[in-house]
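What follows is a single structure, written as structure tokens, with notes after it.
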Ligand SMILES: Cc1ncc(COP(=O)(O)O)c(C=O)c1O
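Structure representation (structure tokens):
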């Protein structure tokens, strides 16, 4: 239970720290040089990730950003086009790496909820015309971070998969939070993974690891992915100490994501009760909660006031605040947030 001095850090699910059990598996991990494919713990993690996803192979990479870059690079050559929603992390928050490093053309489309419809994608696919780039790839994020952790349903994915197959588009899923999507929707990760050419997921978000992501797909693609990872500077040596955390998290930290989702729901109720008409609390579908505000000044002053009360969150835009629930929040964090927001800020 939080005391009144406990900092409630809702900035991201990346702020978690490895607990004692995770540190212990790190200390005991068997390691080797992974660039030489000699790290047994990394191998076990890759095999386990492939197994959970029901795919042939997986590759351990340092970050979600690199996992997505590899996904882009596997499916697009220089000048090829990747289609995605405007808020997709690959376009919005990865420093334009796909364009800068791989020469990929981004075609971004707007939607209400962060999820494109097949009709939108169909309309965006270019005819083969000598003047135009070739549409090669569709990127789908699940859950959609910047849309408030929205879950792409199996039916939506199935429809996008059918279209991609029909129009010869490759499909990459940025599943940084695919385990949140799976727990929230009850759809096993393997069902989503069957519908895409490549899937990436992060260990370092809701799963609570210090570092790491995986790219999953068929054997041939993962062999090429290994080369791309090296080219991007992501070849790691005794990475088994990190992979051990991943193995631990895949065993112990998936089911408990339901607690984070429940906490986000309770937090939404507390915020709805505590905030006035200038705020609109978006109903969370997983572990991300958005609060829309009337103007930039409201966002800034609200975040500053919350900070005074030991509640940390991030601005997602001038008029949107994001709160993320995760395994390092104390039990009762939502109720404590409500209690603190009902009281005046402490004076310095
Ligand atoms: C949806 C999504 N994809 C990819 C990433 C990138 O992960 P990383 O910070 O490990 O590069 C993030 C990080 O927040 C994310 O939210």
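Numbering (the working numbering), first residue to last: 49 to 396. Every residue gets a Cβ at the ideal spot worked out from N, C-alpha and C, and that includes glycine.
Please classify residue 308 as buried or exposed, where buried requires at least 16 other C-beta atoms within 10 Å of its C-beta.
Taking the first residue of the chain shown as 1, we reach residue 308 at position 260. Flag for residue 308 reads buried.
Could you tell me how far apart the beta carbons of residue 174 and residue 181 are, in whole angstroms, since I believe they sit closer than 8 Å?
Walking along the chain shown from the start, residue 174 turns up at place 126. Walking along the chain shown from the start, residue 181 turns up at place 133. Going by Cβ atoms, the distance from residue 174 to residue 181 rounds to 7 Å, so yes, they are a contact pair.
Please confirm if the segment 253-266 is in contact with the segment 370-380, defined as three or more CB-CB distances below 8 Å between the two stretches.
yes
Which residues in the same chain have their Cβ closer than 6 Å to the Cβ of residue 346, if we skip the five residues on either side of it in sequence?
What you label residue 346 is simply residue 298 of the chain shown in a count that begins at 1. Taken in chain order, the residues that qualify are 326.
Taking 7 Å as the limit between beta carbons, can you name the residues of its chain near residue 365, skipping five residues before and five after?
The residue you call residue 365 lines up with position 317 of the chain shown. Within the same chain, residue 365 has no close Cβ partners at all.
Scan the segment 254-310 and note each continuous alpha helix (DSSP H) run of 4 residues or more that stays entirely inside, going in chain order.
267-279, 288-300
Assuming residue 135 and residue 219 are in contact, meaning their beta carbons sit under 8 Å apart, how far apart are those beta carbons, in whole angstroms?
The residue labelled residue 135 in the question sits at position 87 within the chain shown. The residue labelled residue 219 in the question sits at position 171 within the chain shown. Going by Cβ atoms, the distance from residue 135 to residue 219 rounds to 18 Å, so no, they are not a contact pair.
To the nearest whole angstrom, what separates the beta carbons of residue 103 and residue 260, a pair I think is in contact under 8 Å?
Along the chain shown, read from residue 1 onward, the residue named residue 103 stands at position 55. Along the chain shown, read from residue 1 onward, the residue named residue 260 stands at position 212. Not really, about 18 Å apart at Cβ, beyond 8 Å.
Nearest by alpha-carbon distance to residue 69: which of 297, 379, 338 is it?
In the chain shown, residue 69 corresponds to position 21, counting from 1. Considering only alpha carbons, the answer is 297.
Can you have a look at residue 378 and say buried or exposed, based on whether 16 or more other CB atoms are within 10 angstroms of its CB?
Residue mapping note: residue 378 aligns to position 330 of the chain shown, counting from 1. Classification of residue 378: exposed, given that the 10 Å Cβ count is below 16.
Less than 8 Å between the C-beta atoms of residue 388 and residue 336, yes or no?
Translated into positions along the chain shown, residue 388 becomes position 340. Translated into positions along the chain shown, residue 336 becomes position 288. In this structure, residue 336 does not lie closer than 8 Å to residue 388 by Cβ.
Residue environment, residue 299, which counts as buried when at least 16 other CB atoms sit within 10 Å
For the purposes of this step, residue 299 is identified with residue 251 of the chain shown, where counting begins at 1. Exposed is the call here.
Length of the line joining the Cα atoms of residue 124 and residue 277:
On the chain shown, residue 124 is found 76 positions in, with the first residue counted as 1. On the chain shown, residue 277 is found 229 positions in, with the first residue counted as 1. Taking the straight line joining both Cα atoms gives about 15 Å.
Answer yes or no: do residue 120 and residue 144 have a C-beta to C-beta separation smaller than 8 Å?
Within the chain shown, the letter at position 72 stands for residue 120. Within the chain shown, the letter at position 96 stands for residue 144. Cβ atoms of residue 120 and residue 144: not closer than 8 Å.
For residue 172, which of 198, 179, 132 has the nearest alpha-carbon?
Here residue 172 refers to the residue found at position 124 of the chain shown. Comparing Cα-Cα distances from residue 172 to each of 198, 179, 132, the minimum goes to 132.
Terminal residues of the beta strand (DSSP E) in which residue 378 lies:
Locating residue 378 in the chain shown gives position 330, where the first residue counts as 1. That residue, residue 378, is in no beta strand (DSSP E); it is neither H nor E in DSSP.
State the start and end residues of the unbroken beta strand (DSSP E) segment that holds residue 155.
Reading the chain shown from its first residue, position 107 is the one you call residue 155. Run containing residue 155: 153-157, per the beta strand (DSSP E) assignment.
Span of the beta strand (DSSP E) holding residue 74?
Taking the first residue of the chain shown as position 1, residue 74 is located at position 26. From DSSP, residue 74 is part of no beta strand (DSSP E) but of the alpha helix (DSSP H) over 68-76.
Burial state of residue 94 (16 or more Cβ within 10 Å)
On the chain shown, residue 94 is found 46 positions in, with the first residue counted as 1. With 16 or more other Cβ atoms within 10 Å, it is buried.
Given a threshold of 16 other Cβ atoms within 10 Å of its Cβ, counted over all protein chains shown, does residue 318 qualify as buried or as exposed?
Against the chain shown, residue 318 aligns to sequence position 270. Burial call: buried.
Check whether the Cβ of residue 257 sits closer than 7 Å to any heavy atom of ligand 1, and report yes or no.
Walking along the chain shown from the start, residue 257 turns up at place 209. Residue 257 Cβ: outside cutoff for every heavy atom of ligand 1.
Sorry if obvious, but does the Cβ on residue 86 come closer than 7 Å to a heavy atom of ligand 1?
To locate residue 86, count along the chain shown from 1; it is residue 38. For ligand 1, not one heavy atom lies less than 7 Å from the Cβ of residue 86.
Alpha carbon of residue 315 to alpha carbon of residue 79, nearest angstrom:
The residue labelled residue 315 in the question sits at position 267 within the chain shown. The residue labelled residue 79 in the question sits at position 31 within the chain shown. Cα-Cα distance, rounded: 41 Å.
Using the Cα positions of residue 381 and residue 321, report the straight-line distance between them to the nearest angstrom.
Sequence index remark: in the chain shown, residue 381 carries index 333 (1-based). Sequence index remark: in the chain shown, residue 321 carries index 273 (1-based). Approximately 15 Å, taken between the alpha carbons.
Measuring CB to CB, does residue 223 end up less than 8 Å from residue 186?
Within the chain shown, residue 223 is the residue found at index 175, counting from 1. Within the chain shown, residue 186 is the residue found at index 138, counting from 1. Contact: no.
Report whether the distance from the Cβ of residue 113 to the nearest heavy atom of ligand 1 is below 7 Å.
Residue numbering aside, residue 113 sits at position 65 when the chain shown is read from its first letter. Checking every heavy atom of ligand 1 against the Cβ of residue 113, one is found closer than 7 Å.
Beta-bridge pairing of residue 141 - partner residues as DSSP gives them
Within the chain shown, residue 141 is the residue found at index 93, counting from 1. Answer is none; residue 141 lacks a bridge partner.
Roughly how many angstroms separate the alpha carbons of residue 396 and residue 348, rounded to a whole number?
Stepping through the chain shown from its first residue, residue 396 is reached at position 348. Stepping through the chain shown from its first residue, residue 348 is reached at position 300. For residue 396, the predicted model reports a pLDDT of 46, less than 50, meaning its position is unreliable; a value from the coordinates is still stated below. The straight-line gap from Cα to Cα measures roughly 19 Å.
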